[in-house]
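The structure under discussion appears below in the form of structure tokens.
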Ligand code: GLY
């Protein structure tokens with residue numbers, strides 16, 4: 055352990071006390087604990103306490119170790135909105151399964167977490183049924199038929215901001231089709247049943263709290279040029295804490311979907327409102343675009359890491375491949391150095407660099423691009439990449455300027471009492487998407503077109519520099535980093551459900567939370583609170599959260615040749631569930647808002 059890290063006696067003691075207090079041990083049954091003991095289900099109380107005390111955060115880090123997670127015996131929903139998590143639990147308690155609950159949570163997020171929860175965006179769902187069946191659903195947005203490769207480049211060859219703001223920024227939304235498809239195939243309830251909580255939230259409203267109000271204020275620039283300002287900025291002010299936010303247009307839209315199914319959105323009155331809105335502002339999404347939209351079932355990316363199995367998202371998301379490639383590289387270094395050390399940060403950075411270089415140049419929508427999936431996820435290829443890593447020196451990639459990073463994707467994790475699991479990530483891309491709010495429809499449109507390489511070789515809003523594989527083509531899905539992930543233990547039993555928001559930091563943060571649990575032996579609460587790192591090849595900078603690395607660690611990394619910089623704000627937004635003996639631990643992102651609700 056690096057000298058610069060501290061684990062005070064008080065912190066260690068409080069961790070032990072928390073573990074003891076949370077998990078009183080009946081004489082015969084194993085205590086419900088997290089960390090590696092959860093994996094082997096040890097009855098050894100000493101090992102339990104030691105495992106749970108394994109985290110050590112740098113001095114000055116914003117979170118303490120040893121915080122208690124939400125515990126539940128039967129089922130858990132974790133999302134960025136307590137109201138949305140409660141919607142999921144309501145459905146589970148009414149007899150629904152994890153897919154029913156995930157769809158309920160997704161629609162509820164559209165009402166209760168409008169910066170990222172959506173029906174005007176897209177997403178990915180990763181499902182594992184208790185009987186072992188495993189599948190993913192891609193409901194990523196598609197480029198409109200009238201789109202073209204250089205539509206965001208002006209006459210002087212300069213990239214405009216039309217891929218991020220306003221009417222031209224939106225892809226054809228996939229969320230409603232995706233959630234309805236998942237429900238039809240693997241749910242047990244009707245749309246009307248699972249959408250009831252979302253309709254209630256929109257129709258009867260909910261009490262605005264200070265965090266929600268601050269979130270709306272943060273979206274002022276995106277929202278106020280468009281028609282959503284009347285709902286979210288009544289009288290010109292962000293909806294105030296203590297007031298009730300009612301979304302009547304959204305309630306009507308949700309009721310139409312609940313009664314008539316996704317056709318109402320893609321061909322019926324909602325499609326009429328959406329296309330009318332597009333036409334008013336010079337957008338290009340047509341009725342034909344909406345009519346043609348289809349979600350796609352895909353085989354998960356299945357990879358292994360030291361005996362654990364990871365089920366993750368295939369293209370059109372890069373999440374699963376990039377994670378598998380990184381973990382395969384890291385597997386060549388056993389054991390990994392401790393979290394917080396310069397050696398660990400160096401290995402992560404060099405592995406991320408190599409995986410992101412492949413991601414940024416080789417991956418795209420499989421309907422348009424032949425993704426070298428077998429090569430990139432092969433252990434042999436990873437061994438070659440691992441051998442290139444110099445343990446003492448950073449390698450180099452050319453630097454580019456990065457732009458500010460948005461976080462407005464949202465991930466939610468669900469497990470039910472039968473052991474079915476759903477990991478879902480959904481997004482408008484930037485906060486409140488393009489800002490365009492569909493009159494009569496009551497929802498924000500995405501600005502997902504910016505996830506294409508709008509000008510191959512030029513950074514997008516996440517600073518990602520990507521190539522032709524992800525260039526715009528009509529009907530193509532833009533490459534995503536979303537990575538809803540399910541982890542199985544070495545016995546093949548469900549262990550973790552996780553995923554994140556935060557553009558490319560989705561991949562690194564999701565992986566770091568998983569590594570913190572299965573390799574660094576942290577409790578889920580500590581794994582989620584631990585400082586995060588990020589490297590995406592370009593820009594060639596290892597980013598860390600302020601006070602998340604000790605000065606000595608930063609100095610060591612610089613001496614190795616890394617460009618190291620604190621990130622502006624937090625890295626990613628993760629929502630996770632971990633199986634523990636006797637039930638589940640749920641933790642929502644401590645850097646953000648949310649709710650872990652179980653029973
Ligand atoms: N919009 C963020 C992503 O899909 O990666």
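Numbering (the working numbering), first residue to last: 55 to 653. Just so you know, even glycine gets a beta-carbon here, dropped at the ideal spot from N, CA and C.
Going by CA-CA distance only, name the one from 195, 161, 156 and 166 that's closest to residue 180. In the chain shown, the residue the question calls residue 180 occupies position 126. Residue 180 has its Cα closest to that of 156, out of 195, 161, 156 and 166.
Where residue 653 falls, given that 16 or more other Cβ within 10 Å makes a residue buried: Reading the chain shown from its first residue, position 599 is the one you call residue 653. By the beta-carbon neighbour count (other beta carbons within 10 angstroms, threshold 16), residue 653 is exposed.
Taking 7 angstroms as the cut-off, is the CB of residue 557 close to at least one heavy atom of the ligand GLY? For this step, residue 557 is matched to residue 503 along the chain shown. Checking every heavy atom of the ligand GLY against the Cβ of residue 557, one is found closer than 7 angstroms.
Under 6 angstroms Cβ to Cβ from residue 487, same chain only, skipping five residues before and after it: list those, please. Locating residue 487 in the chain shown gives position 433, counting from the first residue. Around residue 487: 498, 499, 500 and 501.
Secondary structure at residue 85, three-state DSSP: helix, strand or coil? Taking the first residue of the chain shown as position 1, residue 85 is located at position 31. Any reading at residue 85 is ruled out, since the residue's pLDDT is 28, under 50, leaving its predicted position unreliable.
Does the ligand GLY have a heavy atom nearer than 7 angstroms to the CB of residue 409? To locate residue 409, count along the chain shown from 1; it is residue 355. It does not: the Cβ of residue 409 is nowhere closer than 7 angstroms to a heavy atom of the ligand GLY.
Count the CB pairs spanning the segment 131 to 141 and the segment 161 to 172 that are closer than 8 angstroms, and state whether there are at least three. Two segments are said to touch when three or more pairs of C-beta atoms, one from each, lie closer than 8 angstroms; by this definition the segment 131 to 141 touches the segment 161 to 172.
Helix, strand or coil at residue 642 [DSSP, three-state]: Residue mapping note: residue 642 aligns to position 588 of the chain shown, counting from 1. Looking at residue 642 - three-state DSSP - the assignment turns out to be coil, as it is neither helix nor strand.
Between residue 416 and residue 425, how many whole angstroms is the CB-CB distance? I'm expecting something under 8 angstroms. If you number the chain shown from 1, residue 416 lands on position 362. If you number the chain shown from 1, residue 425 lands on position 371. Indeed they touch by this definition, with Cβ atoms about 7 angstroms apart.
Helix, strand or coil, according to DSSP, for residue 348 in the structure here? As a working note, residue 348 is residue 294 in the chain shown. Residue state, collapsed to three classes: coil.
Can you tell me whether residue 739 sits near the ligand GLY, meaning its C-beta is under 7 angstroms from at least one heavy atom of the ligand? Nothing in the structure corresponds to residue 739, since the chain is present only between 55 and 653.
What residue range is occupied by the uninterrupted alpha helix (DSSP H) comprising residue 580? Position 526 of the chain shown holds residue 580. Note, residue 580: alpha helix (DSSP H), 578 to 583.
For residue 309, does the three-state DSSP call read helix, strand or coil? Position 255 of the chain shown, counting from 1, holds the residue named residue 309. DSSP places residue 309 within a helical segment (H, G or I) once states are collapsed to three.
If we ignore side chains and look at the alpha-carbon of each, how far apart do residue 367 and residue 560 end up? Your numbering for residue 367 matches position 313 in the chain shown. Your numbering for residue 560 matches position 506 in the chain shown. Using only the alpha carbons, I get a separation of about 12 angstroms.
Give the straight-line distance between the Cα atoms of residue 296 and residue 263, rounded to the nearest whole angstrom. Stepping through the chain shown from its first residue, residue 296 is reached at position 242. Stepping through the chain shown from its first residue, residue 263 is reached at position 209. Approximately 6 angstroms, taken between the alpha carbons.
Local conformation of residue 570 per DSSP, three classes: Within the chain shown, the letter at position 516 stands for residue 570. Helix at residue 570.
Is residue 502 close to the ligand GLY? I mean its beta-carbon at under 7 angstroms from any heavy atom of the ligand. Position 448 of the chain shown, counting from 1, holds the residue named residue 502. The closest heavy atom of the ligand GLY lies less than 7 angstroms from the beta carbon of residue 502.
Of all the options 472, 630 and 245, which has the alpha carbon lying nearest to the alpha carbon of residue 479? As a position in the chain shown, residue 479 is number 425, starting the count at 1. Nearest of 472, 630 and 245 to residue 479, Cα basis: 630.
So is the beta-carbon of residue 526 under 7 angstroms away from any non-hydrogen atom of the ligand GLY? The residue you call residue 526 lines up with position 472 of the chain shown. Answer for residue 526: no, Cβ out of range of the ligand GLY.
Can you tell which of 174, 110, 154 and 378 has its C-alpha closest to the C-alpha of residue 241? Looking up residue 241 in the chain shown gives position 187. The shortest C-alpha separation from residue 241 is found at 154.
Cross-strand partners of residue 180 (DSSP beta bridge): Working through the chain shown from its first residue, we reach residue 180 at position 126. Note: residue 180 sits in a beta bridge opposite 190 and 477.
Would you call the segment 106 to 124 in contact with the segment 643 to 652, where contact means no fewer than 3 C-beta pairs closer than 8 angstroms? yes
Tell me whether residue 366 sits in a helix, a strand or coil according to DSSP, three-state version. Here residue 366 refers to the residue found at position 312 when the chain shown is read from its first residue. DSSP places residue 366 in the strand class (E or B) of the three-state scheme.
Does the Cβ of residue 530 have 16 or more other Cβ atoms within 10 Å, making it buried, or fewer, making it exposed? By 1-based counting over the chain shown, the position of residue 530 is 476. Label assigned to residue 530: buried.
Which residue marks the beginning of the alpha helix (DSSP H) containing residue 358, and which one marks its end? Translated into positions along the chain shown, residue 358 becomes position 304. For residue 358, there is no enclosing alpha helix (DSSP H); the enclosing beta strand (DSSP E) has its first and last residue at 355 to 359.
Since I believe residue 537 is in contact with residue 556 (beta carbons under 8 angstroms), could you give me their beta-carbon distance rounded to a whole number of angstroms? For this step, residue 556 is matched to residue 502 along the chain shown. For this step, residue 537 is matched to residue 483 along the chain shown. About 10 angstroms separates the Cβ atoms of residue 556 and residue 537, ruling out a contact at the 8 angstroms cut-off.
Minimum C-alpha distance to residue 185 - residue among 235, 473 and 602: Sequence index remark: in the chain shown, residue 185 carries index 131 (1-based). Nearest option by C-alpha distance: 473.
Quick check: the Cα distance between residue 246 and residue 233, rounded to an integer number of angstroms? Counting from one through the chain shown, the residue named residue 246 turns up at place 192. Counting from one through the chain shown, the residue named residue 233 turns up at place 179. Taking the straight line joining both Cα atoms gives about 13 angstroms.
Just mark residue 351 as buried or exposed, buried being the case when its beta carbon has 16 or more other beta carbons within 10 Å. Working through the chain shown from its first residue, we reach residue 351 at position 297. Result: exposed.
Taking all protein chains shown into account, decide if residue 620 is buried (16 or more other Cβ within 10 angstroms of its Cβ) or exposed. The residue labelled residue 620 in the question sits at position 566 within the chain shown. Per the 10 Å Cβ criterion, exposed.
Between which two residues does the beta strand (DSSP E) containing residue 650 stretch? The count along the chain shown starts at 1 and reaches residue 650 at position 596. Per DSSP, residue 650 belongs to the beta strand (DSSP E) from 649 to 652.
Examine the ligand GLY and report whether any of its heavy atoms sits within less than 7 angstroms of the Cβ of residue 425. Counting from one through the chain shown, the residue named residue 425 turns up at place 371. No, the beta carbon of residue 425 sits no closer than 7 angstroms to any heavy atom of the ligand GLY.
Three-state class that DSSP yields for residue 382 in the structure shown: Within the chain shown, numbered from 1, the residue matching residue 382 stands at position 328. Three-state DSSP puts residue 382 in a helix.
For residue 624 and residue 645, I'd like the C-alpha separation in whole angstroms. For the purposes of this step, residue 624 is taken as the residue at position 570 of the chain shown. For the purposes of this step, residue 645 is taken as the residue at position 591 of the chain shown. Using only the alpha carbons, I get a separation of about 7 angstroms.
Count the other CB atoms, across all protein chains shown, that sit within 10 Å of the CB of residue 524; report buried if there are 16 or more and exposed otherwise. Numbered from 1 along the chain shown, position 470 holds the residue referred to as residue 524. Buried, by the Cβ-count rule.
Best match in 235, 571 and 308 for proximity to residue 641 [C-alpha to C-alpha]: Taking the first residue of the chain shown as position 1, residue 641 is located at position 587. When each option's Cα is compared against that of residue 641, the closest is 571.
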